[in-house]
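These notes are about the structure you will find just below.
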Amino acid sequence: MDFLNDHINVFGLIAALVILVLTIYESSSLIKEMRDSKSQGELMENGHLFDGIGEFANNVPVGWIASFMCTIVWAFWYFFFGYPLNSFSQIGQYNEEVKAHNQKFEAKWKHLGQKELVDMGQGIFLVHCSQCHGITAEGLHGSAQNLVRWGKEEGIMDTIKHGSKGMDYLAGEMPAMELDEKDAKAIASYVMAEISSVKKTKNPQLIDKGKELFESMGCTGCHGNDGKGLQENQVFAADLTAYGTENFLRNILTHGKKGNIGHMPSFKYKNFSDLQVKALAEFIQSLKPLED
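Spelled out as structure tokens, the structure:
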């Protein structure tokens, strides 16, 4: 009988018993009335008679009319004054609560060191990303993006070699480019060192050649000379200035992305804080790809 220690359970039990008693009483009264009552009153005419059964010419009960009118008034108040349409939603309330929590979360962990930031990102990855990208982040044999290579020169080389489904850019899907590995590596070095905000490459000696190839192979046709992917102030292709950064990752988490197999959904509903996105980006950047 431990459940009786909770006053809510006690209240529910009492209410159930009251409803049961009232139901039995009302049912008994109606059954008795049906058994003992006699037909009285004036029958309606004009076809209100069928198979010897007629309808009394009784007025609509005042209580019924009052209840009906009160229901209309209550509905009008409910939808236009009490709880106006689109003025509240559980999802909206949830988002506000998450926003408030994220503010406290960021204030608590704003002084994280690099190692702690990477550890936080690893935790986020294991909970939300590893199901598709794998525990090792290598993409489960091609079924998802290999995040060990993504955001680095190796990721750009993969895109040059295999193309990219993109994110519904006006330019459409990026086709694979017929370049040998050395030229692909040169372009990747140039992008990471000169265009991306990462500003870092393992092959600085290839930057000049990469710049020439970036222009001559038509990369500027979609991404522009500055790599921002803008044409007439519209997003035409991927913004390479953000490649490998938390901003690029945030865009993918917000909008999702097409893949060679399936479609990565948007994670906007997760309401990741800026700190969490940064931590996830730092973890991905900390992964070291194997040399080809």
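One point on numbering: in numbering that gives the first Met the number 0, the residue at position 95 of the sequence shown is 94, and numbering is uninterrupted.
Quick reminder that beta carbons are idealized off the backbone N, C-alpha and C, glycines included.
Contact set for residue i: own chain, Cβ-Cβ below 8 angstroms, skip 5 residues either direction
i: Leu84; result: Phe78
i: His161; result: Ala175 and Asn259
Rounded Cβ spacing between residue i and residue j (contact assumed at less than 8 angstroms)
i: Leu286; j: Val147; result: 4 angstroms
i: Asn202; j: Ser215; result: That belief does not hold up - the Cβ atoms of Asn202 and Ser215 are roughly 19 angstroms apart, past 8 angstroms.
i: Leu279; j: Phe124; result: 6 angstroms
Local Cβ density within 10 Å of residue i, reported as buried at 16 or more and exposed below that
i: Gln144; result: buried
i: Gly228; result: buried
i: Leu351; result: Because the chain spans 0 through 291 in this model, residue 351 falls outside it and cannot be assessed.
i: Ala236; result: buried
i: Ala14; result: exposed
i: Arg249; result: buried
i: Gly154; result: buried
i: Ala241; result: buried
Nonlocal neighbours in the same chain, by C-beta distance under 6 angstroms from residue i, ignoring five residues either side
i: His132; result: Gly138, Ala143 and Leu146
i: Gly243; result: Gly150, Ser195 and Val197
i: His222; result: Gly228, Ala236 and Leu239
For residue i, three-class secondary structure by DSSP
i: Gln92; result: helix
i: Ser292; result: Nothing in the structure corresponds to residue 292, since the chain is present only between 0 and 291.
i: Phe104; result: helix
i: His140; result: coil
i: His222; result: helix
i: Val20; result: helix
i: Met176; result: coil
i: Phe235; result: coil
i: Gly217; result: coil
i: Ser163; result: strand
i: Lys277; result: helix
i: Leu12; result: helix
i: Leu286; result: coil
i: Gly53; result: strand
i: Gln230; result: strand
i: Lys208; result: helix
Beta-carbon proximity list for residue i, same chain, < 7 angstroms, skipping 5 on both sides
i: Asp167; result: none
Would you say the segment 216-233 touches the segment 50-66, given that touching needs at least three Cβ pairs under 8 angstroms?
Segment contact: the segment 216-233 against the segment 50-66, fewer than three CB-CB distances shorter than 8 angstroms; contact not assigned.
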